Amino acid sequence: MTSDRLAVLPQYLLPKRLLTTLAGRAAAARAGAATTRVIRWFVARYGVNMAEAADPDIGAYASFNDFFTRALAPGARPLAQADLLCPVDGAISRFGAIDGDRIVQAKGHHYTTCALVGGDAALAAAFDGGWFATLYLSPKDYHRIHMPCAGRLRRMIHVPGALFSVNPVTARGVPGLFARNERVVCVFDGGAGPFVMVLVGATIVGSMATVWHGVVNPPRPGRLREWRYDDAPVDLAQGAEMGRFLLGSTVVLLLPPGPLRFSPAWAPGGAIRMGEAMAARG
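Positions in the sequence shown are counted from 1; adding 1 to them yields our numbering.
Structure (structure tokens):
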């Protein structure tokens, strides 16, 4: 829509990388009472449910990052009995079948699996005619990312890119948004074949981290970086934490071809919680 394109025009002019760097430094700062005031304001502004946190005491968090990546209390997210679980708290942007190699971003906008994974045509081809889910994490959400099914890590690719916002308006207004922004591509082998989890960066997303590597970015060297794990595989169980955003963003899942039924409760824009049933195979 023209209104969406106009709404995102200022983002093309903003110094997004500088803003992201400054936001990352501020979020990591340990400023005592000042940090606590910021967290308290954030909780009130966005309606964060601290009763779910492992530590609900706002004053216990030394930095904003500590608060933002807070753990949940035991039992806060029970795991459903399902082939594929929802990996995050957030909202559904889009989901469904991959049309050849094309993924729907928003009405009138598509991008390719090859562009999303950083240009690796052989990797992308494994998902031709497969399935995808794009999940948006808002500021109030729990920001750790979990495994939709058990998997063995094979590769991780840090793809440099832009840092546009990833909110719904921007998704409708910036062509190829999720294959254009900076992202971390995690490639797994699962019981039904390969699958990919793409952590998409955004404006003021200071960094992304995985449980096996730690913080992936920064640094931001401006070139593609890749790690392979064939000689030291990382095995993660269904529901296990695999990574986190230091300030929120989006996860895109790629699933291989084959019979798949997404939860009948799923609809674009719908709220989701980690551990809920996402899809069934067969």
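Backbone N, C-alpha and C define an ideal beta-carbon position, used for all residues, glycine too.
Since the structure is predicted, the reported quantities are computational estimates derived from the model, not experimental observations.
Inter-residue spacing [alpha-carbon to alpha-carbon] between residue i and residue j
i: V227; j: A28; result: The question names Val, yet the displayed sequence has Glu at residue 227. Cα to Cα, the separation comes out at about 27 Å.
i: G48; j: A241; result: 26 Å
i: P75; j: N50; result: 15 Å
i: T135; j: G259; result: 19 Å
i: G33; j: A203; result: 27 Å
i: G181; j: T113; result: Per the sequence shown, residue 181 should be read as Arg rather than Gly. Rounded to whole angstroms, R181 to T113 spans 11 Å at the Cα level.
i: G192; j: C150; result: 8 Å
i: F68; j: F179; result: 26 Å
i: A63; j: H214; result: 23 Å
i: L200; j: D121; result: 17 Å
i: A31; j: G223; result: Residue identity check: residue 31 is Arg in the sequence provided, not Ala. Rounded to whole angstroms, R31 to G223 spans 29 Å at the Cα level.
i: G97; j: N66; result: 33 Å
i: Q82; j: R282; result: 13 Å
i: H111; j: V44; result: 35 Å
i: T37; j: L247; result: 17 Å
i: P257; j: V105; result: 16 Å
Reduced DSSP category for residue i - H, G, I as helix; E, B as strand; rest coil
i: F128; result: coil
i: W267; result: coil
i: D102; result: coil
i: C87; result: coil
i: Y47; result: helix
i: G97; result: strand
i: R262; result: strand
i: V212; result: coil
i: L138; result: coil
i: A280; result: strand
i: A52; result: helix
i: R78; result: coil
i: L178; result: helix
i: A272; result: strand
i: A163; result: strand
i: R173; result: helix
i: R41; result: helix
i: R221; result: coil
i: R31; result: coil
Local Cβ density within 10 Å of residue i, reported as buried at 16 or more and exposed below that
i: R145; result: buried
i: G152; result: buried
i: D294; result: Summary: the structure shown does not reach residue 294, with the chain confined to residues 2 through 283, and so no result is reported for it.
i: A280; result: buried
i: P234; result: exposed
i: A290; result: Past the boundaries of the shown model lies residue 290; the chain is included only from 2 to 283, so the question cannot be answered.
i: G109; result: exposed
i: R103; result: exposed
i: P265; result: exposed
i: R245; result: buried
i: P140; result: exposed
i: R26; result: exposed
i: A268; result: exposed
i: P219; result: exposed
i: R41; result: exposed
Test item: CB-CB of residue i and residue j under 8 Å
i: M243; j: R78; result: no
i: V188; j: V197; result: yes
i: G130; j: G101; result: yes
i: M148; j: L261; result: no
i: Y143; j: S94; result: no
i: R71; j: A54; result: yes
i: P57; j: V252; result: no
i: F133; j: I99; result: yes
i: E277; j: L117; result: no
i: L255; j: P161; result: no
i: R221; j: R156; result: no
DSSP bridge partner residues for residue i (one or two, in chain order)
i: V235; result: L154
i: A122; result: Note: A122 sits in no beta bridge, so no partner.
i: D67; result: For D67, which the question treats as bridged, DSSP gives no partner whatsoever.
i: C187; result: M157 and M198
i: V252; result: L136 and L200
i: W228; result: M157
i: Y112; result: I104
heavy atom of the ligand PLP below 7 Å from residue i C-beta
i: G97; result: The model on display carries no ligand, and the ligand PLP is accordingly not part of it.
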